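Asker: Structure below; questions to follow.
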Amino acid sequence: MTARDLPASAWPVPEAADVAASLPPAFRVGVATAAPQIEGGVDLDGRGRSIWDDFADRDGVIADGSAPRVTTDHRRRWRDDLRLMQDAGIDAYRMSIAWPRVQPEGSGRVSAAGLGWYEELLDAVVDAGMRPMVTLFHWDLPAPLEARGGWLDRDTAPRLADYAHVVGEALGDRVADWVTVNEPATVTIDGYALGLHAPGHARVLRAIPAGVQLLRGHGLAVRALRDAGVQGRIGIVNAHTPVEPASERGEDRAMAALLDLLHNRLFADPVLLGTRPAVPEGLPLPLRLAVGALARIRRRDLVDIHQPIDFLGLNYYFPSRVAAGPDRTGASPDGESAAMRDVPFHLVAQPEHPTTGFGWPVAPVGLATALEQLRDRYGDRLPPVVITEQGASFPDEVVEGVRVDDVERTSSIARHLEVAARGVPGVTVEGLHVWTLVDNWEWAAGFTQRFGIVHLDRDTLERTPKRSYRWLQELQRARGRRTA
Ligand code: BGC
Numbered sequence: 007m008t009a010r011d012l013p014a015s016a017w018p019v020p021e022a023a024d025v026a027a028s029l030p031p032a033f034r035v036g037v038a039t040a041a042p043q044i045e046g047g048v049d050l051d052g053r054g055r056s057i058w059d060d061f062a063d064r065d066g067v068i069a070d071g072s073a074p075r076v077t078t079d080h081r082r083r084w085r086d087d088l089r090l091m092q093d094a095g096i097d098a099y100r101m102s103i104a105w106p107r108v109q110p111e112g113s114g115r116v117s118a119a120g121l122g123w124y125e126e127l128l129d130a131v132v133d134a135g136m137r138p139m140v141t142l143f144h145w146d147l148p149a150p151l152e153a154r155g156g157w158l159d160r161d162t163a164p165r166l167a168d169y170a171h172v173v174g175e176a177l178g179d180r181v182a183d184w185v186t187v188n189e190p191a192t193v194t195i196d197g198y199a200l201g202l203h204a205p206g207h208a209r210v211l212r213a214i215p216a217g218v219q220l221l222r223g224h225g226l227a228v229r230a231l232r233d234a235g236v237q238g239r240i241g242i243v244n245a246h247t248p249v250e251p252a253s254e255r256g257e258d259r260a261m262a263a264l265l266d267l268l269h270n271r272l273f274a275d276p277v278l279l280g281t282r283p284a285v286p287e288g289l290p291l292p293l294r295l296a297v298g299a300l301a302r303i304r305r306r307d308l309v310d311i312h313q314p315i316d317f318l319g320l321n322y323y324f325p326s327r328v329a330a331g332p333d334r335t336g337a338s339p340d341g342e343s344a345a346m347r348d349v350p351f352h353l354v355a356q357p358e359h360p361t362t363g364f365g366w367p368v369a370p371v372g373l374a375t376a377l378e379q380l381r382d383r384y385g386d387r388l389p390p391v392v393i394t395e396q397g398a399s400f401p402d403e404v405v406e407g408v409r410v411d412d413v414e415r416t417s418s419i420a421r422h423l424e425v426a427a428r429g430v431p432g433v434t435v436e437g438l439h440v441w442t443l444v445d446n447w448e449w450a451a452g453f454t455q456r457f458g459i460v461h462l463d464r465d466t467l468e469r470t471p472k473r474s475y476r477w478l479q480e481l482q483r484a485r486g487r488r489t490a
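Its first residue numbered 7, the sequence shown is counted upward by one per residue in our numbering.
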């Protein structure tokens with residue numbers, strides 16, 4: 007069933023004023039973007055190529071055959087986009103820096119023009135009254151580093167640290183919150199296990215070492231930022247999906263625990279506890295041994311990875327339900343992959359929840375579960391949490407050329423905010439960033455999935471605020487923020 011077939015009662019929209027009253031005054035309502043999905047401007051600043059430019063040039067890997075050359079043209083239209091955020095009274099802006107725009111070869115030479123633009127942009131974010139959160143690595147690895155092995159090569163992590171140092175020195179006085187790496191789990195799973203994302207490797211479980219190097223890159227980048235004397239706080243972002251078995255059968259429980267390891271624990275345990283994740287007991291022995299060997303992070307690397315961090319970024323989209331046995335269709339949340347047929351489990355539908363354009367369940371309650379899991383697993387080692395992404399894609403329609411009545415997205419955002427406002431005891435939730443501002447280039451889905459609170463006309467690049475944007479504006483106005 008698609009979103010359009012559901013009755014309106016599936017998409018209740020809480021009053022903005024009621025949600026406003028439930029949010030603590032200091033809670034930051036933000037938006038989030040990522041450079042490769044919005045910037046375009048590949049001809050400016052001497053920008054180098056990223057693995058996503060190369061990947062998109064391959065046949066059949068991007069749903070609509072598009073490439074990230076123009077995307078939303080934010081590199082040229084950034085002032086319009088900041089104005090949209092400012093008019094909505096947004097408290098905080100999470101953006102990413104394109105590594106290939108700063109270091110076109112991925113190491114060594116720095117583009118003064120690239121760095122200069124980010125200086126200008128961040129000054130304008132601060133002037134607009136928003137708190138800047140900057141992600142260093144949101145998946146756009148410079149292509150020359152992939153040619154040397156990418157995240158399978160131990161030399162990539164120190165390259166990330168060098169780049170972090172360059173950016174930290176230049177922007178360290180104006181960034182409030184630094185994110186080293188965005189979603190190492192997704193890079194590992196989609197980019198190295200299933201071949202759905204750049205760089206397109208389909209190594210199934212043998213993707214795990216790439217994940218370990220991403221974590222090492224995080225740890226070395228934390229140190230590099232501190233060495234550079236940055237004033238802001240430092241954290242990492244991961245996508246945490248609460249996982250449950252499809253039944254109480256032993257096989258389903260063991261496979262649910264395996265996905266929990268591969269998606270959640272492999273990334274959070276080393277960062278927050280400095281330990282390797284425990285391999286689930288119930289797995290068949292050969293699988294248990296294989297996962298154990300691949301996830302055996304060297305002691306020295308664990309020390310590098312386990313750096314003190316000031317906050318944890320949580321991207322929450324949906325919970326997962328798992329059953330044992332591969333899915334013959336190769337279905338995965340981010341598209342179909344032949345490699346998925348070699349994965350010993352599959353995701354099953356959660357019919358109690360409506361779904362997004364991607365088919366992802368809309369389950370605000372899962373956000374509370376994710377927060378509870380983080381608290382129960384990490385206790386006093388869990389720093390304050392920022393929900394760094396939460397959003398939903400729907401095939402919005404423009405009515406009479408001006409209106410986009412995205413009731414599904416409005417409902418989804420509002421109800422996730424209600425859950426964040428309630429919070430869970432023992433966890434500090436500082437804010438929630440809506441993914442995303444303007445409909446953008448959604449990786450392998452190209453332009454087929456719209457996540458924006460602002461509609462993008464792909465031909466004219468014109469931006470039209472949707473109902474969800476207006477709802478957030480009303481929310482922020484009710485909270486006393488200055489809006490247009
Ligand atoms: C990523 C975003 C992406 C969003 C929706 C997150 O995994 O950080 O870049 O667009 O999910 O798929």
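Cβ atoms here follow ideal geometry from the backbone N, Cα and C, with glycine treated the same way. In this text, all values refer to a predicted model and were calculated from it rather than measured experimentally.
#1: Can you give the Cα-Cα distance for Leu-300 and Leu-272, rounded to whole angstroms?
#2: If you count every other CB in all the chains shown that lies within 10 Å of the CB of Ser-15, and 16 or more means buried, which is it?
#3: Would you please state the rounded distance, in angstroms, between the beta carbons of Pro-390 and Thr-434? I believe it to be under 8 angstroms.
#4: For my contact list, Ser-418 and Leu-200 are in at a C-beta cut-off of 8 angstroms; report their separation, rounded to the angstrom.
#5: Please work out which residues of its chain come closer than 7 angstroms, Cβ to Cβ, to Thr-489, disregarding the five sequence neighbours upstream and downstream, and give them in chain order.
#6: Measuring straight from C-alpha to C-alpha, what distance separates Glu-448 and Trp-184?
#7: Report whether the distance from the Cβ of Val-322 to the nearest heavy atom of the ligand BGC is below 7 angstroms.
#8: Between Gly-71, Trp-105, Pro-31, which has its C-alpha nearest Ala-40's C-alpha?
#9: How far does the beta strand (DSSP E) with Val-328 in it reach, from first residue to last?
#10: Under a three-way DSSP split, which group does Asn-270 fall into?
#11: Where Gly-432 and Asp-65 are concerned, what is the direct C-alpha to C-alpha distance, given to the nearest angstrom?
#12: Whether or not the stretch 61–78 and the stretch 106–125 are in contact is what I'm after, with contact meaning three or more pairs of Cβ atoms, one per stretch, closer than 8 angstroms; do they touch?
#13: I need the straight-line Cα distance from Arg-464 to Leu-308, nearest angstrom please.
#14: Please specify which runs of the alpha helix (DSSP H), each continuous and at least 4 residues long, are wholly inside the stretch 351–430, giving them in chain order.
#15: Answer yes or no: do Gly-225 and Gly-178 have a C-beta to C-beta separation smaller than 8 angstroms?
#16: Does the separation of the CB atoms of Val-37 and Thr-442 fall below 8 angstroms?
#17: Using CA atoms only, rank isn't needed, just tell me which of Thr-141, Leu-211, Thr-162 is closest to Val-181.
#18: Closer than 7 angstroms: is that where the CB of Asn-270 sits relative to any heavy atom of the ligand BGC?
#19: So which of Trp-477, Arg-485, Glu-468 has the shortest CA-CA distance to Glu-83?
#20: Is the beta carbon of Ala-134 less than 8 angstroms from the beta carbon of Leu-88?
#21: Less than 8 angstroms between the CB atoms is what I'm expecting for Ala-216 and Phe-61, so what's the real figure, rounded?
#22: If you scan the stretch 114–174 from start to end, which runs of the alpha helix (DSSP H) of 4 or more residues do you find wholly inside it?
#23: Suppose only complete runs of 3+ residues qualify. What are the beta strand (DSSP E) ranges in the stretch 90–114, listed by chain order?
#24: Would you kindly report the start and end of the unbroken alpha helix (DSSP H) that includes Asp-316?
#25: Just mark Gly-197 as buried or exposed, buried being the case when its beta carbon has 16 or more other beta carbons within 10 Å.
#26: Are Phe-351 and Ala-398 close, meaning C-beta to C-beta below 8 angstroms?
#27: Between the C-alpha atoms of Arg-160 and Ala-149, what's the straight-line distance to the nearest angstrom?
#28: Please report the Cβ distance between Arg-154 and Ala-252, rounded to the nearest whole angstrom; I am assuming they are in contact, meaning their Cβ atoms lie under 8 angstroms.
#29: Following a CB-centred definition, is Thr-454 positioned closer than 7 angstroms to any heavy atom of the ligand BGC?
#30: Could you please give the first and the last residue of the uninterrupted beta strand (DSSP E) stretch that includes His-312?
#31: Going straight from the alpha carbon of Leu-12 to that of Phe-317, what length do you get?
#32: Give me whichever residues DSSP pairs with Leu-342 in a beta bridge.
#33: DSSP state of Ser-15, grouped into three classes?
#34: If Val-277 and Ile-303 are in contact, beta carbons under 8 angstroms, what's the gap, nearest whole angstrom?
#35: Determine the DSSP secondary structure at Met-7, reduced to helix, strand or coil.
Answerer: Looking at the coordinates:
#1: 11 angstroms
#2: exposed
#3: 4 angstroms
#4: Their Cβ separation, rounded to whole angstroms, is 26 angstroms, which puts Ser-418 and Leu-200 out of contact at 8 angstroms.
#5: Asp-93, Ala-94, Gly-95, Gln-479, Gln-482, Arg-483
#6: 23 angstroms
#7: Before going further, note that residue 322 is Tyr rather than Val in the sequence given. No, the Cβ of Tyr-322 stays beyond 7 angstroms of every heavy atom of the ligand BGC.
#8: Trp-105
#9: 326–330
#10: helix
#11: 49 angstroms
#12: no
#13: 45 angstroms
#14: 371–384, 413–428
#15: no
#16: yes
#17: Thr-141
#18: no
#19: Residue identity check: residue 83 is Arg in the sequence provided, not Glu. Of Trp-477, Arg-485, Glu-468, the residue nearest in Cα terms is Glu-468.
#20: yes
#21: The Cβ separation is near 15 angstroms, so there is no contact.
#22: 118–133, 149–153
#23: 98–102
#24: Run containing Asp-316: none; DSSP gives neither H nor E here.
#25: buried
#26: no
#27: 16 angstroms
#28: About 41 angstroms; that fails the 8 angstroms criterion.
#29: no
#30: Element bounds for His-312: n/a, residue is neither H nor E.
#31: 38 angstroms
#32: Reading off the sequence, residue 342 comes out as Glu, not Leu. DSSP output for Glu-342 lists Ala-337 as bridge partner(s).
#33: helix
#34: The pair is not a contact, with the Cβ atoms about 11 angstroms apart (cut-off 8 angstroms).
#35: Bear in mind that the predicted position of Met-7 carries a pLDDT of just 47, short of 50, making it too unreliable to give a figure here.
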